[in-house]
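Count along the sequence shown from 1, then add 1; that gives the number in the numbering used here.
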Amino acid sequence: MIIRKAILPLLASPALVAAALACAAGCESAVADTSAASQAAITARSGSTQATGRPTEAQISAALDELRRDPDLASAHQMRVLRWSRTSTQPPAEVPGWVQWIAGLFASLAALARLLIWCACAVVVGLIGVFLTRTLRGRSLARSPAPVAPPTHVSDLDIRPASLPGDVGAAARMLWERGEHRDALALLYRACLSRLTHVHGAPVRSSTTEHECIELAKPYLSEAASQYVATLVRSWQWTVYRGQAPSTQDAIALCNGFRQALDPQSRAGAADPPAGGAGQPA
2 MIIRKAILPL LASPALVAAA LACAAGCESA VADTSAASQA AITARSGSTQ ATGRPTEAQI
62 SAALDELRRD PDLASAHQMR VLRWSRTSTQ PPAEVPGWVQ WIAGLFASLA ALARLLIWCA
122 CAVVVGLIGV FLTRTLRGRS LARSPAPVAP PTHVSDLDIR PASLPGDVGA AARMLWERGE
182 HRDALALLYR ACLSRLTHVH GAPVRSSTTE HECIELAKPY LSEAASQYVA TLVRSWQWTV
242 YRGQAPSTQD AIALCNGFRQ ALDPQSRAGA ADPPAGGAGQ PA
């Protein structure tokens, strides 16, 4: 095939055509692709050429015609190719009404299923949020210290409100006038601890000492009420540990000033209680 295409430009010269015919006669593949009639003509002309030694003009023209008619040497080829038809000659079949109804039903069910899925996702997210909120709140409550129940006794003194009389000052004054000085001061001191714990919310513990009682009262009482507590505690200490009771005037002042000093209105910023200048005993 390649040899025949190379021969075409050389067909204009008779001398070159003779050389081309000699080469074509020696190429078996070109002879096999040529038709039977062309092979007979070329063989006959080759015989006459060998006899005379030079081809004639008629032989050259006949050879050229044979080469031009050869389909393998043509410059243009015609081929048939199968292709899909873009237009259909048959009209589309009409879909029955019940098929369209079923298709619409399934489309509606698909839309409803998507809506239900989104609603389920929203519910799950809400439940997760509630669970996390309760979990974090439970952890915060677990970390916060549990409230400590107020003590019922400080050392061996009962500070429960039920163990105290309704009017502590009047009851202490009656004890003092009967000569029960230690019991009168003990009642005032117990009532003082009870008021600090249950009325004013001071963090009194069962092991709180007299000095700690004075310090605990300062943030919860007014300055005058804190001074009353300090005077009462020191009078109690002098009576118990030194055996020196305060004077009757100072003791009566402590009894009369208890209600105004330690009742709820005596919180920080309240009016000064009439302690009457009860001083430390000599």
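Every residue gets a Cβ at the ideal spot worked out from N, C-alpha and C, and that includes glycine. Since the model is a prediction, treat every value here as computed from it, not as a measurement.
query = Does the beta-carbon of D66 have 16 or more other beta-carbons within 10 angstroms, so that it is buried, or is it exposed?
reply = Locating residue 66 in the sequence shown gives position 65, where the first residue counts as 1. Exposed.
request  = Give the range of the alpha helix (DSSP H) segment to which Q79 is assigned.
outcome  = If you number the sequence shown from 1, residue 79 lands on position 78. From DSSP, Q79 is part of no alpha helix (DSSP H); its letter is neither H nor E.
ask   = If you check the beta carbons only, do A203 and L189 fall under 8 angstroms apart?
value = Against the sequence shown, residue 203 aligns to sequence position 202. Against the sequence shown, residue 189 aligns to sequence position 188. Their beta carbons are not under 8 angstroms apart, which means A203 does not touch L189 by this criterion.
Segment limits, alpha helix (DSSP H) that includes W177 = Your numbering for residue 177 matches position 176 in the sequence shown. 169-178 is the span of the alpha helix (DSSP H), which, as asked, contains W177.
request  = Give the secondary structure of D159 by DSSP, where H, G and I count as helix, E and B as strand, and everything else as coil.
outcome  = Translated into the one-based positions of the sequence shown, residue 159 becomes position 158. If DSSP states are grouped into helix, strand and coil, D159 belongs with the strands.
request  = In the DSSP assignment, find the unbroken alpha helix (DSSP H) run with S236 in it and report its ends.
outcome  = Mapped onto the sequence shown, residue 236 falls at position 235. Unbroken alpha helix (DSSP H) run through S236: 224-238.
task = Take the Cβ of Q228 as the centre, count every other Cβ of all protein chains shown within 10 Å, and call the residue buried at 16 or more, exposed below.
result = On the sequence shown, position 227 is the one that residue 228 refers to. Buried.
key: Cβ contact check for the stretch 162-170 and the stretch 236-248: 3 or more pairs under 8 angstroms   = no
Counterpart residues of H201 in DSSP-defined beta bridges = As a working note, residue 201 is residue 200 in the sequence shown. Looking at the DSSP assignment, H201 forms no beta bridge with any residue, so it has no partner.
ask   = Do you know offhand how far T35's Cα is from D71's?
value = For the purposes of this step, residue 35 is identified with residue 34 of the sequence shown, where counting begins at 1. For the purposes of this step, residue 71 is identified with residue 70 of the sequence shown, where counting begins at 1. The predicted model places T35 with a pLDDT of 48, which falls under 50 and marks its position as unreliable, so this point remains unresolved.
request  = Note down, in chain order, each residue of its chain lying with its Cβ closer than 7 angstroms to the Cβ of G1, except the 5 sequence neighbours on either side.
outcome  = Outside the shown range of the chain (2 to 283) lies residue 1, about which nothing can therefore be said.
Separation of A121 from V155, as counted between CA atoms = Residue numbering aside, residue 155 sits at position 154 when the sequence shown is read from its first letter. Residue numbering aside, residue 121 sits at position 120 when the sequence shown is read from its first letter. Going by the C-alpha atoms only, they are around 60 angstroms apart.
ask   = Can the beta-carbon of V234 be found closer than 8 angstroms to that of I215?
value = For the purposes of this step, residue 234 is identified with residue 233 of the sequence shown, where counting begins at 1. For the purposes of this step, residue 215 is identified with residue 214 of the sequence shown, where counting begins at 1. Cβ atoms of V234 and I215: closer than 8 angstroms.
Opposing strand residues paired with H212 [DSSP bridges] = The residue labelled residue 212 in the question sits at position 211 within the sequence shown. Answer by DSSP bridge pairing: none, since H212 is not bridged.
ask   = Just curious, the alpha helix (DSSP H) that T153 is in, first and last residue?
value = Position 152 of the sequence shown, counting from 1, holds the residue named residue 153. No alpha helix (DSSP H) contains T153, which DSSP labels as neither H nor E.
ask   = Do you know how far the Cα of G139 is from the Cα of E181?
value = On the sequence shown, position 180 is the one that residue 181 refers to. On the sequence shown, position 138 is the one that residue 139 refers to. About 54 angstroms.
query = What first and last residue would you give for the alpha helix (DSSP H) that runs through A62?
reply = One-based indexing of the sequence shown puts residue 62 at position 61. The sequence given here has Ser at residue 62, not Ala. Segment 58-70, the alpha helix (DSSP H) holding S62.
request  = Work out the CA separation of R84 and R55 for me, nearest whole Å.
outcome  = Locating residue 55 in the sequence shown gives position 54, counting from the first residue. Locating residue 84 in the sequence shown gives position 83, counting from the first residue. Those two C-alpha atoms are separated by around 53 angstroms.
request  = My understanding is that R206 touches P162, with C-beta atoms under 8 angstroms, so please give their C-beta distance in whole angstroms.
outcome  = Residue numbering aside, residue 206 sits at position 205 when the sequence shown is read from its first letter. Residue numbering aside, residue 162 sits at position 161 when the sequence shown is read from its first letter. Not a contact, Cβ separation roughly 17 angstroms.
ask   = Can you tell me whether DSSP reads Y221 as helix, strand or coil?
value = Position 220 of the sequence shown, counted from the first residue, corresponds to residue 221. Coil, per DSSP.
Span of the alpha helix (DSSP H), counted from its first residue to its last, around R260 = As a position in the sequence shown, residue 260 is number 259, starting the count at 1. Note, R260: alpha helix (DSSP H), 249-263.
task = Whole angstroms is fine: what's the gap from A104's alpha carbon to I118's?
result = Counted from its first residue, the sequence shown places residue 104 at position 103. Counted from its first residue, the sequence shown places residue 118 at position 117. Answer to the nearest angstrom: the Cα atoms are 21 angstroms apart.
inquiry  = Quick check on S195: does DSSP put it in helix, strand or coil?
reply    = Position 194 of the sequence shown, counting from 1, holds the residue named residue 195. The answer is helix: DSSP assigns S195 an H, G or I state.
task = Have a look at L217, A226, S76, T198 and flag the residue whose alpha-carbon is nearest the alpha-carbon of A150.
result = Residue 150 sits at position 149 when you count from the first residue of the sequence shown. Comparing Cα-Cα distances from A150 to each of L217, A226, S76, T198, the minimum goes to T198.
request  = Report the rounded CA-to-CA distance for L222 versus A187, giving the unit in angstroms.
outcome  = Translated into the one-based positions of the sequence shown, residue 222 becomes position 221. Translated into the one-based positions of the sequence shown, residue 187 becomes position 186. Computed Cα separation, rounded: 21 angstroms.
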